[in-house]
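Using our numbering, you'd call the opening residue of the sequence shown number 785 and step up by one each time.
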Amino acid sequence: MRTQNFNSILVVGIGLIGGSILRNISEKKFKGHLYGLDSNEEVINKAFELGLIENSDKNIQKIEKDCLVVLSVPSLSFAEAINTVKKNIPLQKVVFTDTLSAKSAVLTYLKSNPDLSQKFILSHPIAGSEKSGLANSTPSLFKNKLVIVSPQKSNQILDLEKVQIFWEELGSNVVLLDPKKHDSILAKTSHLPHAIAYALMNFLFNNLDRDTFNYSGGSLEDYTRIASSNSIMWKDIMLSNKDELLKAIDGFKTSLDKLSDLIEIGDPESIKEFLDFVKQARDNLIKQKD
């Protein structure tokens, strides 16, 4: 890696995201020290055997120089992960960042820990898969993917720049977004679609059982792919961003009720007008993005 902003990097949570970070950094011949921690010691040992980290268990060398700590754990395991780091590293030597999909629970924790808050740069890589675990990690996961960095007022500009450079060197495109706005937007664009996929699969399986996919042309499998995502991670996301997600679910219900009403009325033109509006809106938004 080009930057020598950090003498050491510690990744806490060696799953799909954390493992992909380690693989990417290792591939780029980072000249500092790489460490990893996970609640499962077998995963730590596997990462060590793969040459991704220097420690083979939960006992890591005392870190005395500037270190980046990347927390890549389920949202509700955040505080436990912080406590694990505190046992190994003097906090004054650390810049923290994370990969969490919801920030409200983190902000609540940081509000009661102002010293930690100053050194914590909130991040969220918009990258992933319905697959999970170190075995599915890949160094190319972040290539040309968006990473949302959410600055806090207490953050130092230099620390913010270091974290931005870190994500850029993994191949990501970094944008800045207020953390509360982050949770509001992601509740609609990520958390709601996952909730819908889980609920749809629940409905289909309860009604069709083994015939759920027997008479679909492939689009149903594509549409419900994310219902195969890690349940612990998504349970934590749904609970940690509960308020915004419930608002999004209510909004979706309103839209679904509108379509249901049009179908019940049976007016072909009204249904076509609704469908045409949605198609055109989606097509235009995709074009603007490209």
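No residue lacks a Cβ here, since even glycine has one placed at the ideal position from N, Cα and C.
Residue i, buried or exposed, once every other Cβ within 10 Å from all chains shown has been counted against 16
| i | result |
| --- | --- |
| N1006 | One detail in the question is off: residue 1006 reads as Asp in this sequence, not Asn. By the neighbour-count rule (16 or more Cβ atoms within 10 Å), D1006 is not buried but exposed. |
| E826 | exposed |
| A1065 | exposed |
| T883 | buried |
| F790 | buried |
| Q876 | exposed |
| V1062 | exposed |
| I1049 | exposed |
| N872 | buried |
| S934 | buried |
| S764 | Outside the shown range of the chain (785 to 1074) lies residue 764, about which nothing can therefore be said. |
| L970 | buried |
| I794 | In the sequence as presented, Ile is not what sits at residue 794; that position holds Leu. With 16 or more Cβ atoms within 10 Å of its Cβ, L794 is classed as buried. |
| K903 | buried |
| P963 | buried |
| L894 | buried |
Short Cβ contact (9 Å threshold) for residue i with residue j
| i | j | result |
| --- | --- | --- |
| Y819 | E838 | yes |
| E913 | L800 | First, the residue type needs correcting, since residue 913 is Ser and not Glu in the sequence shown. Yes, these two residues count as a Cβ contact at 9 Å. |
| Q936 | S968 | no |
| S859 | S885 | yes |
| G802 | D822 | yes |
| G906 | T881 | The displayed chain sequence assigns Leu, not Gly, to residue 906. Against a cut-off of 9 Å, the Cβ pair of T881 and L906 comes out as a contact. |
| I805 | A831 | no |
| I932 | H978 | no |
| A981 | I1010 | yes |
| S1013 | S916 | yes |
| K887 | H908 | yes |
Rounded C-alpha distance that separates residue i from residue j
| i | j | result |
| --- | --- | --- |
| E1053 | L1046 | 10 Å |
| D1051 | L1043 | 11 Å |
| N808 | A889 | 28 Å |
| S1000 | A983 | 18 Å |
| V958 | W1018 | 24 Å |
| A911 | K846 | 31 Å |
| N824 | S861 | 13 Å |
| L1069 | K972 | 15 Å |
| V1124 | D850 | Residue 1124 is absent from the structure shown; the chain starts at 785 and stops at 1074. |
| S840 | D1067 | 50 Å |
| T868 | N897 | 16 Å |
| N1025 | K813 | 37 Å |
| L976 | G955 | 27 Å |
| N986 | T1008 | 11 Å |
| I866 | V796 | 9 Å |
| L1023 | L1029 | 9 Å |
| L891 | V947 | 18 Å |
| L1040 | W951 | 38 Å |
| K1071 | G816 | 42 Å |
| L930 | K965 | 16 Å |
| T1038 | I1055 | 16 Å |
| S1015 | I828 | 21 Å |
#### Entry: Runs of beta strand (DSSP E) lying entirely within the segment 891–931, each at least 3 residues, in chain order
904–909
### Task
Decide if the segment 924–943 is in contact with the segment 988–999; the criterion is three or more beta carbon pairs, one per stretch, under 8 Å apart.
no
### Message
Quick check: the segment 989–996 against the segment 844–862, are at least 3 beta-carbon pairs closer than 8 Å?
### Response
no
### Task
May I have a chain-ordered list of the alpha helix (DSSP H) segments no shorter than 4 residues that lie completely inside the segment 994–1063?
1003–1007, 1015–1024, 1026–1049
### Contiguous beta strand (DSSP E) assignments of at least 3 residues, all confined to the segment 811–858
817–821, 851–855
### Query
Residue ranges of each alpha helix (DSSP H) run of no fewer than 4 residues wholly in the segment 935–1004, ordered along the chain?
941–953, 963–970, 976–992
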